[in-house]
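Which chain is which? The protein sequence lines are X and V, in order. 95 is the number of the first residue of the first sequence in this note's numbering; add one for each residue after it. 152 is the number of the first residue of the second sequence in this note's numbering; add one for each residue after it.
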Amino acid sequence: MHVELRDIKKYFGPVRANDGISLVFGPGHIYGLLGENGAGKSTLMKILSGYQSPTSGELLLDGAPVAFSSPSAALNCGIGMLYQEPQDFPPLQVIENHLLAYDNRLLLDRRAGEHSLKSYAERFGFTIDPYVDVGTLTLGERQQMELMRLLSLGAQLLILDEPTTGISAEQKEKLFGTMHRLAYEEAKTIVLVSHKLDEVQELCDEVAVLRRGLLVGTQAVPCANRELVRLMFGAEVPRSERASATGDTTTLLVEDASIHTYRLDVEVPALEARAGEVIGLAGLEGSGQRLFMEACAGLRPLQSGKILLDGEPVEGKRSPFFWTRWLALVFLIAAIAWLAIRWAIGSSTGLGFAGGVVVSLLVAGTLWMVGTLLVSWTGSSAYHEFQRRGGAYVAAGRLELGLISGLTITEHRALTTPVRRFLADWDGARQEMEKRIERFNIIGQPGTPVDELSGGNQQRVMIALLNQPLRLLLLEHPTRGLDVTSANFIWERFQDRCAEGTTIIFMSADLDELLERSDRIMVFSGGSIIGILNTSDTSVDELGHSIGGQAT
Amino acid sequence: MRERLARNLWPLVPVLMSILATTLLLVLVGGSPALTFSALFDGAIGTSDRLLSMMAFWVPLLLCASGLLVTFTAGLWNIGVEGQMIMGALGSSWVALKVAAVYPAIPGGIILIMEIVAAMVFGALWSVLAGILKTRGGVHEIFGGVALNNLAIIATNYLISGPWQPPEGGTFRGTQPFPSHALFPLLGDSRFSPLTLVLALVVLGLVAMSLRGTSWGLRLKALGKNPRSAFLLGVPSERETLTAMLVCGAAAGLAGSVRVLSWFDSLRQSISGGIGFLAILIVLLAGMRPLWTLLIALLFSALLTGGTTVQLRTQLKASLSGIIQGTLVLFVLLFGDYRLLFRKRRKEPQAEANEP
């Protein structure tokens with residue numbers, strides 16, 4: 095099948111995710127689609143797979159223009175997408191999941207479904223039991239299952255979005271073998287979306303590179319990695335010199351920290367961040383940077399190792415009443431023992447043994463509840479302790495994680511003020527925010543609900559809300575979606591903080607930002623640190639290479 | 152300014168529309184709308200007896216609704232308010248039966264205070280239990296609340312037919328009447344006690360003020376609008392969830408106390424009379440605004456108490472007020488929130504812009 099994308103444009107408000115991209119995919123080839131985060135790869139593939147419709151532009155299948163209303167319409171035309179996050183039904187059995195779109199009759203033919211599954215599995219050497227629950231499979235197995243489903247539904251063109259994230263080396267090999275076979279023996283078209291250079295070099299025969307919504311070039315592979323890096327990140331730009339504010343005292347000390355999640359284990363062997371220092375976290379999205387920052391903020395427990403802020407571990411404050419709930423248990427045991435003794439020596443309690451047990455249970459339950467109330471009133475979570483000790487975490491999703499739609503700027507200040515009073519100090523909060531609105535150049539009034547502000551102004555409000563003194567500031571994509579002037583403005587404010595001794599750790603997908611703003615860069619790959627680079631002697635090229643999975 | 156006025160008067164729209172719809176229905180079945188509505192009006196506030204009876208129904212409704220204002224602000228669906236009310240009734244009954252009836256020498260004032268405190272503590276604990284199930288056990292407060300409602304009903308039935316049954320034998324209908332000094336001072340021979348109305352208005356006033364002016368109210372508001380952001384901005388989620396439940400449970404418990412100590416004079420099987428569920432509807436209809444909550448609660452008490460007169464005067468069933476209620480719910484759901492209705496279109500392009 096010949097698929098042609100002609101001048102595809104997709105705008106989200108002022109953001110140009112795809113700005114006139116034309117590409118041709120022919121049968122029997124494996125194509126790579128490369129680009130940084132936010133370059134427009136996913137948007138383009140969502141358009142091709144019918145998930146979104148383009149603002150303008152045409153899609154041609156074997157020369158005939160088509161418009162897909164949904165992913166299933168695209169699949170009917172032979173275009174299937176394998177998403178990065180499995181799009182399946184964990185509570186169903188594999189066979190049920192397979193039959194879901196495959197068999198649309200009233201009575202399901204499980205035998206035919208099983209036969210189809212088995213024949214695909216044999217062809218590609220997959221071993222999946224059709225009668226286990228999807229939720230018990232590994233990510234790689236779920237991917238194989240989805241692949242078989244797409245093929246059984248007649249997919250001629252397969253889009254794979256970051257297929258190797260989170261799967262084992264063996265599964266990756268099997269996946270690549272399958273791709274080879276599908277393309278070169280069965281004349282299917284494969285499109286691999288990735289930002290891992292090695293994979294693209296290994297699997298693909300042609301690569302298209304996107305940057306900021308534009309197609310910047312196509313390249314036959316294998317070729318020199320240098321070529322691809324240049325296409326992905328553009329020519330090297332001269333960097334402005336910046337004075338480092340790094341001091342002597344250690345703010346953050348990390349020793350053998352490891353974080354465990356179901357899809358990624360993160361290991362950070364050692365890091366010592368000093369007051370005023372700026373550390374950038376580089377790496378592909380989902381390589382462990384966010385998990386590491388969350389662990390620093392106490393939002394995620396460590397599996398082992400230590401993270402110390404000013405010499406003390408980041409952990410929750412245990413309530414001085416933690417023993418009250420044990421008291422309930424002790425009471426229950428004592429009461430039941432007493433009842434049992436009374437019963438054994440034959441003197442009645444009036445309620446009888448069973449009645450006595452019920453009453454003791456009620457009393458113990460009440461004690462336990464009152465204890466839990468006291469504990470919740472007097473204890474505090476690790477993250478709130480982190481905040482109290484001068485830490486702050488600014489997440490990337492502004493209205494999802496950080497600001498509250500419907501509340502005004504003043505209300506946000508009243509919520510975050512370090513001075514806790516019973517009656518909210520509306521006047522004080524408004525006056526304070528008037529000052530900060532001016533200092534941070536926010537277009538808005540203290541009484542403006544934050545959801546009515548533009549994205550850039552929301553970002554400024556989040557930063558304007560940070561309190562003094564600040565020991566450690568964790569930032570997730572601090573300037574994503576901002577224009578250059580706003581980004582510079584925000585970084586100036588951050589640098590003011592550094593001069594006051596705040597340590598900044600930030601993650602970003604923008605290599606220029608990382609190199610320009612940080613003193614050191616920690617490069618993450620698949621959950622491990624492949625190097626801590628000094629910014630002064632690193633080039634964009636080197637950084638690009640190491641992010642692509644090749645340590646320099 | 153005009154938008155603000157429109158937003159404040161918005162709750163009237165579904166009310167008027169449901170009256171219109173009911174009128175249409177009456178015309179369709181051949182009834183006289185004028186006669187029916189005047190009977191409804193008469194039945195609710197026609198005579199002082201009926202007025203007092205309507206007020207006696209209004210007070211517990213108002214108390215439950217005040218409590219629910221707190222939990223709804225915190226984003227909690229406290230369906231368990233019904234059970235919390237029943238537990239409050241149990242608490243008061245316990246004091247009335249085991250203290251007031253056993254030690255008649257204790258003055259009525261002290262007994263009343265003990266009954267109120269017991270009701271609030273029982274209601275609050277029952278409510279906190281649903282809260283703990285949510286924060287520690289991951290049980291959504293709706294499911295926890297429904298389960299605890301049933302447990303509260305079972306406990307009432309057990310007590311009525313078991314330990315607290317009247318000496319002359321269990322009737323399944325109620326305990327023996329409480330001594331008169333254990334009841335709220337009633338106005339004449341009505342079931343209305345002015346003291347309870349004062350209590351209810353104080354509770355509503357306190358709730359309205361704390362939600363408006365205290366940092367606690369602000370934290371609840373933040374939690375209700377976006378729990379994840381609120382946590383990141385420093386709101387201790389578990390603590391505020393439990394506190395909100397606690398306050399609502401105490402108010403609902405007080406409502407239960409009013410039911411046993413003024414509406415009835417003993418613990419009955421159907422002690423709550425669905426007031427808790429009705430209060431949920433009222434708070435949603437009022438868009439969580441205290442003043443509107445007060446008025447709409449009054450409207451609903453009038454509708455319900457007027458229904459009986461409608462049946463007597465016309466050949467229509469008393470369920471007419473049920474029909475008005477039902478259409479009201481329908482129209483509230485249809486027209487919903489003023490803000491949602493008029494702002495949605497403007498929002499859409501923005502929402503899309505956040506997608507990539």
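Even glycine gets a Cβ: it sits at the ideal position worked out from N, Cα and C. The model shown is predicted, which means the values in this text are computed figures rather than measured ones.
Please compile the residues from chain V whose C-beta is within a distance smaller than 9 Å of the C-beta of residue i.
{"i": "Glu-505 of chain X", "result": "Leu-369, Lys-372, Ala-373"}
{"i": "Tyr-225 of chain X", "result": "Residues of chain V passing the Cβ test: none, with the nearest at roughly 29 Å."}
{"i": "Thr-510 of chain X", "result": "Leu-384, Gly-385"}
For residue i, count neighbouring C-beta atoms within 10 Å of its own C-beta (all shown protein chains included) and say buried if the count is 16 or more, exposed if not.
{"i": "Ser-619 of chain X", "result": "buried"}
{"i": "Val-331 of chain X", "result": "Unreliable positioning characterises Val-331 of chain X in this predicted model, as indicated by a pLDDT of 48, which lies under 50. A coordinate reading is not provided."}
{"i": "Ile-641 of chain X", "result": "buried"}
{"i": "Thr-672 of chain X", "result": "Residue 672 of chain X lies beyond the range of chain X shown here (95 to 646); nothing can be said about it."}
{"i": "Thr-596 of chain X", "result": "buried"}
{"i": "His-289 of chain X", "result": "buried"}
{"i": "Leu-156 of chain V", "result": "exposed"}
{"i": "Gln-237 of chain X", "result": "buried"}
{"i": "Ile-222 of chain X", "result": "buried"}
{"i": "Lys-495 of chain V", "result": "Because the pLDDT of Lys-495 of chain V is 43, which lies under 50, any placement of that residue in the model is unreliable, and the number read from its coordinates should be weighed accordingly. Looking at its Cβ environment, which holds fewer than 16 other Cβ atoms inside 10 Å, Lys-495 of chain V is exposed."}
{"i": "Ser-169 of chain V", "result": "buried"}
{"i": "Gly-541 of chain X", "result": "exposed"}
{"i": "Pro-185 of chain X", "result": "exposed"}
Can you tell which of the options has its C-alpha closest to the C-alpha of residue i?
{"i": "Gly-427 of chain V", "options": "V:Leu-442, V:Glu-233, V:Pro-330", "result": "V:Glu-233"}
{"i": "Ile-311 of chain V", "options": "V:Ala-437, V:Pro-165, V:Trp-161, V:Gly-325", "result": "V:Gly-325"}
{"i": "Ser-630 of chain X", "options": "X:Arg-614, X:Asp-519, X:Gln-589", "result": "X:Arg-614"}
{"i": "Ala-263 of chain X", "options": "X:His-506, X:Pro-184, X:Leu-233, X:Ser-246", "result": "X:Leu-233"}
{"i": "Gln-265 of chain X", "options": "X:Ala-277, X:Leu-245, X:Met-239", "result": "X:Met-239"}
{"i": "Trp-471 of chain X", "options": "V:Tyr-309, V:Leu-432, V:Val-358, V:Val-279", "result": "V:Val-279"}
{"i": "Ala-337 of chain X", "options": "X:Ala-458, X:Arg-611, X:Gly-625", "result": "X:Arg-611"}
{"i": "Asp-113 of chain X", "options": "X:Ile-124, X:Pro-148, X:Gly-120, X:Tyr-125", "result": "X:Pro-148"}
{"i": "Ala-476 of chain X", "options": "X:Leu-297, X:Ser-413, X:Leu-245", "result": "X:Ser-413"}
{"i": "Val-634 of chain X", "options": "X:Leu-365, X:Asp-604, X:Gln-562", "result": "X:Asp-604"}
{"i": "Glu-636 of chain X", "options": "X:Gln-187, X:Leu-244, X:Met-326", "result": "X:Met-326"}
{"i": "Val-469 of chain X", "options": "V:Gly-197, V:Val-398, V:Thr-394, V:Ile-475", "result": "V:Thr-394"}
{"i": "Val-287 of chain X", "options": "X:Asp-255, X:Val-301, X:Ala-314", "result": "X:Asp-255"}
{"i": "Ala-158 of chain X", "options": "X:Leu-99, X:Ser-602, X:Asp-519, X:Ile-189", "result": "X:Leu-99"}
Find the residues of chain V that neighbour residue i, judging by a C-beta separation of less than 7 Å, and give them in chain order.
{"i": "Gly-500 of chain X", "result": "Lys-376"}
{"i": "Ala-389 of chain X", "result": "Per Cβ cutoff of 7 Å: no residues; Ala-389 of chain X is ~15 Å from chain V at best."}
Using a cut-off of 9 Å between C-beta atoms, extract the partners of residue i located in chain X.
{"i": "Glu-154 of chain V", "result": "Within chain X, no residue comes near Glu-154 of chain V; the closest Cβ sits about 13 Å away, beyond 9 Å."}
{"i": "Pro-387 of chain V", "result": "Ser-470, Trp-471, Gly-473, Ser-474, Ser-475, His-478"}
{"i": "Arg-158 of chain V", "result": "None at all; the shortest Cβ gap to chain X is about 13 Å."}
{"i": "Leu-393 of chain V", "result": "Thr-466, Leu-467, Ser-470, Trp-471"}
Strictly by DSSP, which residues pair up with residue i?
{"i": "Asn-628 of chain X", "result": "X:Arg-614"}
{"i": "Gly-374 of chain X", "result": "X:Phe-600, X:Ile-615"}
{"i": "Gln-187 of chain X", "result": "X:Asp-227"}
{"i": "Val-360 of chain X", "result": "X:Ile-353"}
{"i": "Asn-112 of chain X", "result": "X:Lys-104"}
{"i": "Glu-98 of chain X", "result": "X:Val-118, X:Leu-154"}
{"i": "Ala-448 of chain X", "result": "Paired residue(s): none; Ala-448 of chain X is not in a bridge."}
{"i": "Val-488 of chain X", "result": "X:Leu-569"}
{"i": "Val-348 of chain X", "result": "X:Leu-365, X:Ile-401"}
{"i": "Ser-344 of chain V", "result": "DSSP lists no partner for Ser-344 of chain V."}
{"i": "Glu-406 of chain X", "result": "X:Leu-403"}
Any heavy atom of the ligand NAD closer than 7 Å to the CB of residue i?
{"i": "Asp-342 of chain X", "result": "This structure lacks the ligand NAD, and indeed carries no ligand of any kind."}
Find the residues of chain V that neighbour residue i, judging by a C-beta separation of less than 8 Å, and give them in chain order.
{"i": "Phe-516 of chain X", "result": "Thr-365, Ser-366, Trp-367"}
{"i": "Met-463 of chain X", "result": "Leu-276, Val-279, Leu-280, Ile-283"}
{"i": "Thr-149 of chain X", "result": "The premise fails here: Thr-149 of chain X is roughly 11 Å from chain V at the closest Cβ pair, so nothing lies under 8 Å."}
{"i": "Gln-481 of chain X", "result": "Gly-385"}
Identify the contact partners of residue i in chain X, using a Cβ-Cβ distance below 8 Å as the criterion.
{"i": "Arg-379 of chain V", "result": "Glu-494, Leu-495"}
{"i": "Leu-383 of chain V", "result": "Tyr-477, Tyr-487, Ala-489, Leu-495, Gly-496"}
{"i": "Arg-440 of chain V", "result": "Correct list: empty, because the minimum Cβ distance to chain X is about 15 Å."}
{"i": "Arg-390 of chain V", "result": "Ser-470, Trp-471"}
Can you list the alpha helix (DSSP H) stretches of 4 or more residues lying completely in the segment 241 to 315 of chain X, in chain order? For the segment 241 to 315 of chain X, the continuous alpha helix (DSSP H) assignments of 4+ residues that do not extend past its boundaries occur at 263 to 278, 291 to 297, in sequence order.
Beta carbons nearer than 8 Å to chain B: which residues of the segment 278 to 303 of chain V have them? The structure shown contains no chain B; its protein chains are X and V.
Hey, which unbroken runs of the alpha helix (DSSP H) at 4 residues or more fall wholly within the segment 530 to 594 of chain X? Counting whole runs of 4 or more residues, the segment 530 to 594 of chain X contains the alpha helix (DSSP H) stretches 549 to 558, 578 to 593.
Could I get the ranges of all uninterrupted alpha helix (DSSP H) runs contained in the segment 123 to 167 of chain X, with 4 residues as the minimum, in chain order? Every unbroken stretch of the alpha helix (DSSP H) spanning 4 or more residues and falling wholly within the segment 123 to 167 of chain X is given here in chain order: 135 to 142.
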